[in-house]
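Novice:
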Amino acid sequence: MASPDKKSFALRIDPALWAEIERLAAHELRSANAQIEYLLREALARRGIRPDQGPSARRGRPPRAPDQGEEG
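Under the working numbering, the first residue of the sequence shown is numbered 305, with each subsequent residue one higher.
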């Protein structure tokens, strides 16, 4: 399932190319989808195009909410 801030679309791709993307993604510890996005950004950068990536998703546990009854 695509995250709400990402555009999703169907992609027809050669099975041999897909296999290489999956192999490379596994080697670089990415999902195949993240690998495709990485490769597209890399190709655009080589052409001098830098699309706005927007804010990165924060990793890890969200910050703890302060207790409502506690004064501080």
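Glycine is no exception: its CB is placed at the ideal position from the N, C-alpha and C atoms.
Please state if the CB of Ala-347 and the CB of Ala-336 are separated by a distance shorter than 8 Å.
Specialist: On the sequence shown, residue 336 is found 32 positions in, with the first residue counted as 1. On the sequence shown, residue 347 is found 43 positions in, with the first residue counted as 1. Inclusion of Ala-336 and Ala-347 in the CB contact set at 8 Å is not warranted, their separation being larger than that value.
Novice: Starting from Ala-347 and walking both ways along the alpha helix (DSSP H), at which residues does that stretch end?
Specialist: Indexing the sequence shown from 1 puts residue 347 at position 43. Taken as a continuous stretch (DSSP letters only), the alpha helix (DSSP H) holding Ala-347 covers 336-350.
Novice: By DSSP, does Pro-366 sit in helix, in strand, or in coil?
Specialist: Position 62 of the sequence shown, counted from the start, is the residue given in the question as residue 366. Pro-366: coil per DSSP, three-state reduction.
Novice: Please determine, among Ala-338, Ala-320, Arg-327, the residue with the shortest C-alpha to C-alpha distance to Ser-307.
Specialist: Here residue 307 is taken as the residue at index 3 of the sequence shown, counted from 1. Among Ala-338, Ala-320, Arg-327, the Cα nearest to that of Ser-307 is on Ala-338.
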